[in-house]
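My numbering applies: residue 15 is where the sequence shown begins, and numbers increase by one.
Idealized CB from N, CA, C, for every residue including glycine.
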Amino acid sequence: MKFGGTSVEDAAAIERTAGIVAGRVARGLQPVVIVSAMSKVTDQLLACAAAASAARGDREPALEIASRLRVRHLDTAAQLVAGPALESLHEDINRAFDSLDELVRGIAILGELTPRTSDLIVSYGERLSSVIVTAAFLQRGIEAAHVDAREVILTDNHFGKATPDEPAIERALSLEVLPLLQAGKVPVMGGFIGSHNEVTTTLGRGGSDYTGALVGGGLHAGAIEIWTDVNGIMTTDPRICPDALRVRTISFEEAAELAYFGAKVLHPATILPAVQKNIPVWVLNSRNPGNEGTVITAMPPSCASPFKSIAVKKRLTIIDIVASRMLLAHGFLKLVFDVFDKHHCAIDMVSTSEVSISVTVDSREALPAISADLSKLADVKFEGNKALICLVGEDIRGQSGIAGEVFSAVSHVNVRMISQGASEINMSFMVNEEEAEEAVRALHRRFFSQPDPAVFDLEARAVATPV
Ligand code: ADP
Ligand code: ASP
Ligand code: MG
């Protein structure tokens with residue numbers, strides 16, 4: 015059971031989370047609990063680290079952020095735990111923040127923030143939330159036991175976005191977590207963080223979902239539950255379309271495409287460990303635990319509408335690479351892709367013509383270096399502030415005329431690159447960022463006005479648009 019930031023954002027949320035976990039235990043299940051940092055804490059820790067490294071003698075702004083975070087954690091603890099347990103919890107929290115303050119002072123002196131130090135700073139979010147949640151569970155009669163995620167989630171040393179070592183994690187799980195389960199305890203650990211040779215690493219933003227999947231996969235769990243602040247995977251981001259519908263069942267492939275192309279509800283790496291072991295993944299709402307959520311499985315039912323959901327990924331850049339000689343001459347694509355590989359930059363979409371190749375990327379930091387290298391091969395043009403819109407559904411396969419329907423729905427929008435077929439279950443294209451939400455709304459109206467009740471939950475719509 016993985017609980018996201020909003021599911022542990024304050025004492026009331028942690029109470030709800032405890033109730034949900036207690037319910038699972040009462041049903042005779044043996045949960046392992048993974049928690050994110052309290053909501054917004056990761057952003058604030060990153061801001062704190064940035065302020066410290068930019069200090070130029072003034073480290074106060076950074077220390078102030080740390081001090082506000084200290085108060086929030088101490089207050090939350092005080093609302094959840096009482097007596098000697100609270101005393102020892104407050105000691106733990108204060109000790110953690112004392113060492114965070116030390117770190118901030120160190121960074122301010124050096125005026126430099128390495129990815130390694132940044133990972134250490136953000137790790138406090140999950141380390142603290144998991145300790146508070148453990149104490150709150152114990153106070154409520156759940157036999158919780160805290161596990162330091164850094165002893166279990168063993169990774170390489172790619173700070174900021176480390177790659178987990180799955181066989182090593184399985185071994186660590188059987189040493190550190192399995193015995194607790196066998197003793198009837200509920201292990202509680204922070205998501206997102208790990209370690210390489212005892213040095214703290216992180217799995218990248220949103221990585222607690224990934225921790226949930228690694229632990230669920232490594233323990234051969236019966237199910238992986240991702241508890242968040244919406245009723246499940248919706249037909250699009252409900253912040254863009256308030257009348258988005260819950261998708262009841264979706265395939266591993268569809269969910270993976272959606273996550274990769276921007277649906278924040280799931281971290282893109284969450285699906286793989288589940289697929290490998292064929293473990294169903296549930297996306298559930300901790301504010302509405304009675305709702306049945308979305309289940310991601312290998313065998314979802316077929317659906318009358320071609321698409322299950324629309325994702326949008328913003329802040330992308332299109333790079334047009336124009337060769338003076340014939341581009342597709344043998345070996346040229348390799349040279350181009352080698353440049354992206356060298357700078358660890360993932361490409362989202364590619365299209366080619368005789369003399370040019372266009373790619374889209376979401377990394378900004380690497381762009382100057384990539385540009386310098388590509389310029390040695392060809393003329394290069396960058397266009398920022400683009401968004402990728404991706405429609406996903408297994409049932410696109412074999413249906414004719416879908417592309418026509420998609421592009422007539424967005425005929426008022428300037429469409430740049432188009433791609434269909436790479437996976438057979440997605441259709442994607444690029445637009446200007448400021449037109450992206452309108453395009454999503456137009457597509458949502460076009461494809462989800464008469465949804466198939468076997469696949470989509472129509473109740474949400476009844477609430478959003480009263481008849
Ligand atoms: P958590 O902190 O629990 O990990 P996130 O904020 O990472 O939660 O993810 C949940 C959010 O994802 C939702 O509040 C919603 O705005 C957004 N989201 C984007 N696309 C979708 C989608 N297709 N279905 C559901 N939620 C989505
Ligand atoms: N706390 C981390 C983040 O905000 C990881 C997560 O919540 O999934 O990115
Ligand atoms: Mg998340």
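First and last residue of the uninterrupted beta strand (DSSP E) at N399: Where N399 is concerned, the enclosing beta strand (DSSP E) stretches over 393 to 406.
Distance CB(V353)-CB(L388) smaller than 7 angstroms: yes
Contact belief for T169 with A163 at Cβ below 8 angstroms, rounded distance in angstroms: Not quite, the Cβ-Cβ distance comes to about 11 angstroms (not below 8 angstroms), so this is no contact.
DSSP-derived helix/strand/coil call for P201: strand
Completely contained alpha helix (DSSP H) runs for the segment 201 to 287, where each covers 4 or more residues: The qualifying runs are 222 to 232, 266 to 274.
Any non-hydrogen atom of the ligand ADP within 6 angstroms of T242 CB: yes
Of the residues I403, V145, R378, the one placed nearest M363, counting alpha carbons only: For M363, the closest alpha carbon among the candidates I403, V145, R378 is that of I403.
Proximity test, I48 beta-carbon vs the ligand ADP heavy atom, cut-off 6 angstroms: no
Per-residue burial, E126 [other beta carbons within 10 Å of its own, 16 or more giving buried]: So E126 counts as exposed.
Delimiting residues of the beta strand (DSSP E) encompassing S53: Taken as a continuous stretch (DSSP letters only), S53 belongs to no beta strand (DSSP E), as it is neither H nor E.
T56 Cβ short of 6 angstroms to the ligand ASP heavy atom set: yes
Proximal residues to I264 (C-beta, below 7 angstroms), its chain only, five neighbours per side dropped: I247, T308, I310, P314, K322
Residue(s) in a DSSP beta bridge with L298: W241
Inter-residue spacing [alpha-carbon to alpha-carbon] between E438 and G232: 30 angstroms
Reduced DSSP category for A25 - H, G, I as helix; E, B as strand; rest coil: helix
Status (buried if at least 16 other CB within 10 Å, exposed otherwise) for A5: Look at the range of the chain in this structure, 15 to 481, and you will see that residue 5 is not part of it.
Check: G174 C-beta below 6 angstroms from any heavy atom of the ligand ASP: no
Residues that DSSP places opposite H160 in a beta bridge: V202
The segment 148 to 156 in contact with the segment 113 to 127 per 3-pair CB rule at 8 angstroms: no
Status (buried if at least 16 other CB within 10 Å, exposed otherwise) for F266: buried
Exposure of S463, with buried meaning 16 or more beta-carbon neighbours within 10 Å: Taking every protein chain shown into account, the CB of S463 has fewer than 16 other CB atoms within 10 angstroms, so this residue is exposed.
First through last residue of the beta strand (DSSP E) which encompasses Q434: 432 to 434
Cβ pair G220, H281 closer than 7 angstroms: yes
Buried or exposed by the 16-neighbour rule on C-beta atoms within 10 Å, applied to T366: exposed
G220 Cβ short of 6 angstroms to the ligand ASP heavy atom set: yes
6 angstroms Cβ shell around S50 - same chain, five flanking residues per side excluded: Contacts found: G18, G19, G205, S222.
Beta-carbon proximity list for A69, same chain, < 6 angstroms, skipping 5 on both sides: A122
Beta-carbon proximity of A40 to C62, cut-off 7 angstroms: no
Residue closest to R84, alpha-carbon to alpha-carbon, out of V55, A64, G71: V55
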